[in-house]
Each structure stands twice: as structure tokens, then as C-alpha cells.
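J.: In the numbering used here, the protein residues as written are 666 to 1116.
Encoded as C-alpha cells, here's the structure I'll be asking about.
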């Protein structure tokens, strides 16, 4: 389960587009960053996606991707032109196929092949209609197959695309938009040609006048189970209330939101399907990475990612196209790895939920440095915009890379300190034994211990 957001420049405080997503996945499914430079390809090359192979294009663009460790595609990502995309699982009344392109495949392919959000929209539609979507996106359940919706953004515009098998509708965003795990579009700017006729033939509606995309194609059971309507309303209400004044810190905090306004009122064991999601009996997924992309026109773009679970107790760190991922970053795999930031934070997260109301504020206080990193990034990016000479540009890129490294090192240092602190001190409050037993089973499965 996920939540994806876009705010166009006409609704932000400084005119820059902001794209954001919380990626919610299985709690033991680590998610890491991958970077690929621009590359030319032979005409005979084939792309091996998760379940099918398709022809490669002549050139793929530079991309930064957030990837579940076993997936070829990506949950979210961006490219050198400032195109940013996030997908959502949506559940339709259409047939689900065991082989095809995952929504994550479509997302990566679009980023690699597109210079604008509209290019990316066209790319996804073309691939969807030619190859179809299909295959399980859940490593533990081969029958967990879904269809996809997308927010596709760039510094100038954004689109929402919703699909049901090979059918689709798309709408250009006018100012603000969010999507969750359900269909949302009551009207659209573009669509597959046969969406109404197909619905009539399948008795999903009686006539063209009776047709409604959401009602006709949405499966009502998972729509209710995922709490997607309430989550989308919560994000849209926040964006509407703050339209014209929105900045990246506000969007970061929106991604950290639970239903409770006060951290002392929030209990992860009873959290449910919230924007910042924690695994529980009410939510079998949890947020496993979070991304906020700052996309000003004519300037270098900054992509802020937690590269961890639980944004409510994590730190957003800056990454830049043209710079790549620092070498000190270790991509996580299926088992606990003490070198991996994702797994080290997950250890802290699992210690925190043992006593969330007392431990979360301690972590959040340690991460109050985030604003300093945001301000520092802005200063360097502004200087980068003013620089015209390649030598100065290279120097500024090095500064940006060093900032990414500084942020990664700072979080690693905080993690080491707080993990030791929480292991050495017993929780002050009690948490459900059944809940903690479930977490112990998950931790044992990936060799994560608390010694």
C-alpha cells in the first residue's frame, strides 16, 4: 500500500514542483537505491524485466531508482530531465495475468525512455497496450497480482494515469493531486478508446450515460480494506489547506503522518493503514522507503529519500542526478546486513516500536538536523545554477556529493548510538506481547537480533 503526491509550482511557496511518495511493502522486504548513467544500446539488446523480456531502445537516460531488493523495476524514481514517477497498486474487476509487465517495470522503463512527464505517460500507455501488465509483485505470494495507477511529474506539469488491465484513463494535474490504492478519476483528458463499450459488454454499466470509471472498474472489497479513500482524503485535505505555501519540509512531514496528531497517542500495534504505515495486525505492509523530489525549473533537482522504513523516525537525505549515489551507500539484500543503512535503521525501528511513545521523540530530536541539510542543499544548488563554467560545475557537484555523504554518515552515527541506548535500557511502557512476538518471528527470519 502506498501514497503518492504531486504539487505543481502554482501551489508551492517558491514555484517549484514537488513530487513525493511513501512506498509501503512487506516489512522484511528491504528497499534500496540504484543509479544508472545514460547509456547507448545495440539494436539487438533485450531488456529482462521481472517476468518478460522486451526490446531495448537505442539510448536510456540517467536514472535514480528506489527498488525492492528482488525487483527489476522501481517503486519510485527520477531521471536526468526531472521526470519523477510513483506507482500505486489498484484493484480492478478485470482479469489478472501471471505474466506481463509489473507496474514497477513500466515505471522504470518510462524513466529510462522519457524527457517529459507527457513522454513518460505515452511510454507507459504504449508498453501497457502492447505487452499488458501482470505477475506478482509480492515475493511471498505468487497470487498477489494487481493493476496500477501512477503520478508522473516533471518541473512543468504532471499527469495521473489509472489502469485496469490494458484499459486506462489519464488526467493532467492542474495544481495538487494525490493517489492511494484506489481509482480516483471521475473525469479525464485522455483514455483508451473502448473503456465505455467494454464496461457495457461486461455488464459493468447499462449505458454511456451510466458509465463511471471508478464504479465500473474498481473492486470494492480491497478498496475498503486498504483504507485508500480515507488516506487520499487526508493528503488532499492537507494540500488544499496549504495550497500556495507548500514546501518540501511540509511534504516530508505529511509523509510522516499517522492518524494521531500527538506522537504519544500513536501506537504502532494499533496503527492500521495510515500514511506512514507500520506493520501490525491491521496493516500487513509498512512504509519501506520515502521520497520527496524538489523539481525547480532551470536548476539542479534534489531528491530527498529516507532510504529506510518508518519516515516518522527517519531522516531524509539528498541525492542528485549527475552526481549519483555515494560509494559509502550499501544496497540492502534479503537478510540483515550491518553495513546496510536500511537494515540498521530497521533494527532501530523494531526497537522503537517496543516503546514508541517514549523512544520516537528521542529519535526525532536526534534528526532535527534535517532542516540544516535542506538549507545547505539549497545554498549549493543555487550556486550551481549561477555557475556556467564546467570546472565550477564539477566542484559544486563534488560539494553536493559530499553533502549526501555527510548526511549518510550522520544518520549512521545516530543509528549506532540510539541502537545501543535502546538495547541497554528496558522499555518504559508495555507493548502487546502478541505484537512483539510477530515482530520477533519477522526478525528471526532475516537474522536480525538485538544483542
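No residue lacks a Cβ here, since even glycine has one placed at the ideal position from N, Cα and C.
Starting from residue 943, follow its DSSP beta bridges and name the residues at the other end.
T.: Position 278 of the chain shown, counted from the start, is the residue given in the question as residue 943. The partner list for residue 943 (beta bridge, DSSP) is empty, contrary to what the question assumes.
J.: Taking the beta carbon of residue 746 as the centre, do at least 16 other beta carbons fall within 10 Å, making it buried, or is it exposed?
T.: By one-based count along the chain shown, residue 746 stands at place 81. With 16 or more other Cβ atoms within 10 Å, it is buried.
J.: On the three-state DSSP scale, how would you describe residue 969?
T.: Translated into positions along the chain shown, residue 969 becomes position 304. Three-state result, residue 969: strand.
J.: Would you grab the beta carbon distance between residue 911 and residue 731 for me? Rounded to a whole angstrom, and I think it's under 8 angstroms.
T.: Indexing the chain shown from 1 puts residue 911 at position 246. Indexing the chain shown from 1 puts residue 731 at position 66. Going by Cβ atoms, the distance from residue 911 to residue 731 rounds to 22 angstroms, so no, they are not a contact pair.
J.: What are the start and end residues of the beta strand (DSSP E) that includes residue 905?
T.: One-based indexing of the chain shown puts residue 905 at position 240. No beta strand (DSSP E) contains residue 905, which is instead part of the alpha helix (DSSP H) from 893 to 906.
J.: Considering Cα atoms alone, identify which of 863, 887 and 885 is closest to residue 876.
T.: Within the chain shown, numbered from 1, the residue matching residue 876 stands at position 211. Nearest option by C-alpha distance: 863.
J.: On the premise that residue 823 lies in contact with residue 838, defined as a C-beta separation below 8 angstroms, what is that separation, rounded to the nearest angstrom?
T.: The residue you call residue 838 lines up with position 173 of the chain shown. The residue you call residue 823 lines up with position 158 of the chain shown. 4 angstroms between Cβ atoms; contact.
J.: Nearest-angstrom Cα distance between residue 986 and residue 758?
T.: In the chain shown, counting from the first residue as 1, residue 986 sits at position 321. In the chain shown, counting from the first residue as 1, residue 758 sits at position 93. Computed Cα separation, rounded: 39 angstroms.
J.: Within its chain, find whatever has a CB closer than 6 angstroms to the CB of residue 834; leave out the 5 residues flanking it on each side and keep chain order.
T.: Against the chain shown, residue 834 aligns to sequence position 169. So the qualifying residues of the chain are 827, 850, 853, 856 and 878.
J.: Assuming residue 670 contacts residue 681 (C-beta within less than 8 angstroms), just tell me the rounded distance between them.
T.: Within the chain shown, residue 670 is the residue found at index 5, counting from 1. Within the chain shown, residue 681 is the residue found at index 16, counting from 1. Contact doesn't hold; Cβ gap of about 14 angstroms is too wide.
J.: For residue 797, which residues in the same chain have their Cβ closer than 8 angstroms to its Cβ, ignoring the five residues on either side in sequence?
T.: Against the chain shown, residue 797 aligns to sequence position 132. Here the set comprises 762, 765, 766, 830 and 831.
J.: Taking 7 angstroms as the limit between beta carbons, can you name the residues of its chain near residue 1035, skipping five residues before and five after?
T.: Sequence index remark: in the chain shown, residue 1035 carries index 370 (1-based). So the list reads 980 and 981, once near-sequence residues are dropped.
J.: Identify, in the order they occur along the chain, each residue of the same chain with its Cβ nearer than 6 angstroms to the Cβ of residue 768, setting aside the five sequence neighbours on each side.
T.: As a first step, residue 768 is located in the chain shown; it is residue number 103 there, counting from the start. Taken in chain order, the residues that qualify are 752 and 813.
J.: Looking at the strands, I want to know which residues DSSP matches up with residue 855.
T.: Locating residue 855 in the chain shown gives position 190, where the first residue counts as 1. BP columns for residue 855 point to 835.
J.: Thinking C-beta only, is residue 1010 closer than 8 angstroms to residue 953?
T.: Translated into the one-based positions of the chain shown, residue 953 becomes position 288. Translated into the one-based positions of the chain shown, residue 1010 becomes position 345. It is not a contact, given that the beta carbons lie outside the stated cut-off.
J.: Using three-state DSSP, classify residue 1028 as helix, strand or coil.
T.: Within the chain shown, residue 1028 is the residue found at index 363, counting from 1. Look at residue 1028 here: in three-state DSSP terms it is helix.
J.: Less than 6 angstroms between C-beta atoms, sequence neighbours within five positions excluded: which residues of the same chain meet that for residue 990?
T.: In the chain shown, counting from the first residue as 1, residue 990 sits at position 325. Excluding sequence neighbours, residue 990 sits near 698 and 700.
J.: Applying the 10 Å Cβ sphere with the 16-neighbour rule, what's the burial state of residue 641?
T.: The chain is shown from 666 up to 1116; residue 641 falls before or after that span and cannot be answered.
J.: Under the rule that 16 or more other beta-carbon atoms within 10 Å means buried, what is residue 1008, buried or exposed?
T.: As a working mapping, residue 1008 is identified with position 343 in the chain shown. With 16 or more other Cβ atoms within 10 Å, it is buried.
J.: Counting pairs of Cβ atoms below 8 angstroms between the region 1017 to 1037 and the region 1080 to 1100, do you hit three or more?
T.: Look at the beta carbons and you see the region 1017 to 1037 touching the region 1080 to 1100: at least three pairs across the two are nearer than 8 angstroms.
J.: Please determine, among 666, 1043, 961 and 1005, the residue with the shortest C-alpha to C-alpha distance to residue 809.
T.: What you label residue 809 is simply residue 144 of the chain shown in a count that begins at 1. Nearest C-alpha to residue 809: 666.
J.: Can you tell me where the alpha helix (DSSP H) with residue 788 in it begins and where it stops?
T.: Position 123 of the chain shown, counted from the start, is the residue given in the question as residue 788. Following the DSSP letters along the chain, one finds residue 788 inside the alpha helix (DSSP H) bounded by residues 782 to 796.
J.: Considering only DSSP beta bridges, list what residue 704 is partnered with.
T.: Taking the first residue of the chain shown as 1, we reach residue 704 at position 39. According to DSSP, residue 704 bridges with 725.
J.: Answer with buried or exposed for residue 654, where buried requires no fewer than 16 other C-beta atoms within 10 angstroms of its C-beta.
T.: Here the chain covers residues 666 to 1116 and nothing more, so residue 654 does not appear.
J.: Among 917, 983 and 892, whose alpha-carbon lies nearest the alpha-carbon of residue 965?
T.: Start at 1 with the first residue of the chain shown, and residue 965 comes out as number 300. For residue 965, the nearest C-alpha among the options comes from 983.
J.: For the beta strand (DSSP E) that contains residue 720, what are its first and last residues?
T.: The count along the chain shown starts at 1 and reaches residue 720 at position 55. Counting along the chain, the beta strand (DSSP E) containing residue 720 begins and ends at 718 to 720.
J.: I need the boundaries of the beta strand (DSSP E) containing residue 959, first residue and last residue.
T.: The residue you call residue 959 lines up with position 294 of the chain shown. Start and end: 951 to 960.
J.: Taking just the CA atoms, how far does residue 1088 sit from residue 1079?
T.: Here residue 1079 refers to the residue found at position 414 when the chain shown is read from its first residue. Here residue 1088 refers to the residue found at position 423 when the chain shown is read from its first residue. Rounded to the nearest angstrom, the two C-alpha atoms are 14 angstroms apart.
J.: If we ignore side chains and look at the alpha-carbon of each, how far apart do residue 1025 and residue 916 end up?
T.: Within the chain shown, the letter at position 360 stands for residue 1025. Within the chain shown, the letter at position 251 stands for residue 916. So the alpha carbons of these two residues sit roughly 20 angstroms apart.
J.: Does residue 872 get closer than 8 angstroms to chain E when you measure Cβ to Cβ?
T.: Protein chains in the displayed structure number just one, and chain E is not present.
J.: Using C-beta distances below 7 angstroms, list every residue in its chain close to residue 900, excluding the 5 sequence neighbours before and after it, in chain order.
T.: For the purposes of this step, residue 900 is taken as the residue at position 235 of the chain shown. Same-chain partners within the cutoff: 668, 670, 843, 919 and 940.
J.: Assuming contact is defined by CB atoms lying nearer than 8 angstroms, are residue 948 and residue 956 in contact in what I supplied?
T.: Numbered from its first residue, the chain shown carries residue 948 at position 283. Numbered from its first residue, the chain shown carries residue 956 at position 291. Not in contact: residue 948 and residue 956 (Cβ atoms no closer than 8 angstroms).
J.: Could you compute how far the alpha carbon of residue 1104 sits from the alpha carbon of residue 934?
T.: Taking the chain shown and counting its residues from 1, one reaches residue 1104 at position 439. Taking the chain shown and counting its residues from 1, one reaches residue 934 at position 269. Spanning the two alpha carbons is a distance of roughly 10 angstroms.
J.: Am I right that residue 775 and residue 750 are in contact with their C-beta atoms under 8 angstroms? What's the rounded C-beta distance?
T.: Counted from its first residue, the chain shown places residue 775 at position 110. Counted from its first residue, the chain shown places residue 750 at position 85. With 8 angstroms as the limit, residue 775 and residue 750 qualify as a contact, their Cβ atoms being about 6 angstroms apart.
J.: Where does residue 938 sit, in a helix, a strand or coil, going by DSSP?
T.: Translated into the one-based positions of the chain shown, residue 938 becomes position 273. DSSP places residue 938 in coil when its eight states are reduced to three.
J.: Since residue 958 and residue 897 are thought to touch, with beta carbons under 8 angstroms apart, how far apart are those beta carbons, to the nearest angstrom?
T.: What you label residue 958 is simply residue 293 of the chain shown in a count that begins at 1. What you label residue 897 is simply residue 232 of the chain shown in a count that begins at 1. 20 angstroms between Cβ atoms; not a contact.
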